[in-house]
Amino acid sequence: MPERIDSHENGSRQDLIEHDLHHDGIDRRGFLKCMAWAGTGLVCTLSGGILHSYALADSARMKPALAKADFTFVQISDSHIGFSKEANKDVVGTLQAAVSKILALPSPPPFLLHTGDLSHLSKPAEFDTLDQVLSGAGFDHVHYVPGEHDVLVDNGVYYRDRYGKGTKGDGWYSFDYNGVHFIGLVNVLNLKAGGLGFLGQSQLDWLAQDVAQLGNSTPIVVFAHIPLWTVYPEWGWGTDDSAQALTLLKRFGSVTVLNGHIHQTMQKIEGNITFHTAMSTAFPQPSPGAAAGPGPLKVSDDRLQALLGITRVNYSVSASPLAVIDTPLQATTAQASASITINIDNFMFMPMTQPVAAGSIVTWINKDDIPHTVRSIDGKFSSPPLDTGDHFTYRFTTPGTYAYYCSIHPTMTATIVVK
Ligand SMILES: [Cu+2]
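Here our numbering is used: position 184 in the sequence shown is 378, and no number is missing along the way.
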């Protein structure tokens with residue numbers, strides 16, 4: 195039975211989020227019981243236009259459904275090829291584990307959906323490795339949408355070159371399979387400071403057109419990287435204009451929305467629309483609000499056992515130090531000193547407000563296991579993606595207030611005040 199989040203928890207989550215529908219090892223306190231996250235995908239069966247989903251690990255419950263399904267496909271997500279931090283030093287190995295589980299299904303799925311973050315740093319070699327693992331296993335039909343990690347450098351140009359042939363706009367598209375209409379949306383580009391995932395008007399216009407000719411009884415499957423429902427806005431887990439997209443789909447009898455990004459399974463049902471999020475093939479993230487930030491979780495037990503799903507493993511949030519609690523959030527006094535350091539830690543700029551004297555040099559250092567950028571809202575300065583340990587420096591000469599944000603995680607905002 196699905197478990198509901200206790201109502202005393204964060205109000206923005208309400209009591210609609212249901213955990214562990216698939217008994218895949220996440221209980222409602224966020225502990226990973228059997229580490230099914232590793233190498234896990236979501237198996238979706240469609241029978242009579244209704245989609246059911248199962249964790250790959252859950253073969254007992256899946257088997258009868260597979261037998262009577264019209265067809266089956268598999269969603270994998272968040273492979274983060276190139277990631278090599280403590281939370282998982284072998285993301286290729288865990289992707290291969292997921293692939294093995296897919297290959298072990300009674301019949302091979304006709305295609306896979308990959309809901310983004312194929313790579314960790316948008317590097318060609320990372321995409322190469324992903325392609326080698328998937329095509330090496332015989333998966334020639336994979337439908338992709340980009341995650342924010344796939345479009346770090348060039349607003350997704352390189353990604354679309356490789357994976358976006360025949361797509362529209364920033365890479366959105368649709369296709370039909372066995373009477374089901376699949377729609378791949380892109381919500382990781384042109385993110386606004388202080389905002390969440392973003393679809394944009396051109397994409398919404400295209401979507402309206404795309405579904406206009408479809409009868410109400412056509413089953414719809416939408417897939418996109420960042421959740422199209424508000425899971426936890428404090429961590430950027432939602433999409434600003436998703437309601438407009440969902441309004442266009444309300445008339446359909448069966449709509450399924452598949453997302454990644456949050457590295458854990460959640461499900462919500464709202465009218466005719468069912469929302470699912472998939473686990474990552476690379477590393478787990480904490481459940482909403484259960485840690486200082488949404489970064490990779492290091493699992494505190496033998497990883498191999500964990501991969502095999504044998505042992506109960508609790509996680510500890512040790513990917514990055516929590517010492518930032520001691521750093522004042524409020525403005526400190528402006529100093530004459532010309533050199534200031536701002537730490538990027540737990541998805542925050544610290545301090546968030548920094549007064550400096552004119553002529554000061556500010557250096558940002560990324561202490562997270564996830565890349566971030568430093569970009570001024572008015573375009574005055576903009577860093578490349580900063581991987582762990584990378585820094586970016588800018589000299590402030592003119593008095594004024596400089597608001598900036600991370601263009602990858604736009605909920606991260608902060609200000610430099612030059613006196
Ligand atoms: Cu960021």
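A virtual CB, placed ideally from N, CA and C, is assigned to each residue, including glycine. Note that the structure is predicted; figures quoted are calculated from it, not measured.
State buried or exposed for residue 279, treating a residue as buried only when at least 16 other CB atoms are found within 10 Å of its CB.
The residue is buried, with at least 16 neighbouring Cβ atoms inside 10 Å.
Where the beta carbon is closer than 6 angstroms to any heavy atom of ligand 1, which residues qualify, in chain order?
Answer in sequence order: 566, 600, 602, 603 and 606.
For residue 487 and residue 409, I'd like the C-alpha separation in whole angstroms.
Distance between the alpha carbons of residue 487 and residue 409 is about 43 angstroms.
Which same chain residues, not among the five before or five after residue 305, have their C-beta less than 7 angstroms away from its C-beta?
Correct list, in chain order: 267, 335, 336 and 337.
Considering only residues of the same chain and omitting the five flanking positions on each side of residue 316, which have a CB-CB separation below 6 angstroms?
These residues qualify, in order along the chain: 344, 346 and 347.
Could you name the residues of the same chain whose beta carbon sits closer than 7 angstroms to that of residue 574, not counting the 5 residues immediately before and after it, in chain order?
Within the same chain, residue 574 has close Cβ partners 596.
When you compare the CB positions of residue 342 and residue 382, do they come within less than 8 angstroms of one another, or not?
Cβ atoms of residue 342 and residue 382: closer than 8 angstroms.
For residue 258, which three-state DSSP category applies?
Helix at residue 258.
Could you name the residues that DSSP lists as bridge partners for residue 544?
537, per the DSSP bridge assignment.
Pick helix, strand or coil for residue 574, following the three-state DSSP scheme.
Three-state result, residue 574: coil.
Between residue 373 and residue 456, what straight-line distance do the alpha-carbon atoms span, to the nearest angstrom?
Approximately 30 angstroms between the Cα atoms of the pair.
Comparing alpha-carbon positions, which option in 331, 289 and 604 lies nearest residue 473?
Considering only alpha carbons, the answer is 289.
Please classify residue 277: does DSSP put it in a helix, a strand, or coil?
It is coil, neither helix nor strand.
Straight-line CA distance for residue 610 to residue 246?
Each residue's Cα considered, the two are about 49 angstroms apart.
In the structure shown, what three-state DSSP assignment does residue 445 receive?
Coil at residue 445, not helix or strand.
Residue 287 lies in the alpha helix (DSSP H); which residues open and close that run?
Its alpha helix (DSSP H) spans residues 285-297.
Below 6 angstroms CB to CB, which residues in the same chain sit around residue 589 once its five sequence neighbours on both sides are set aside?
555, listed in sequence order.
Let me know the secondary structure DSSP gives residue 369 once reduced to three states.
DSSP places residue 369 in strand when its eight states are reduced to three.
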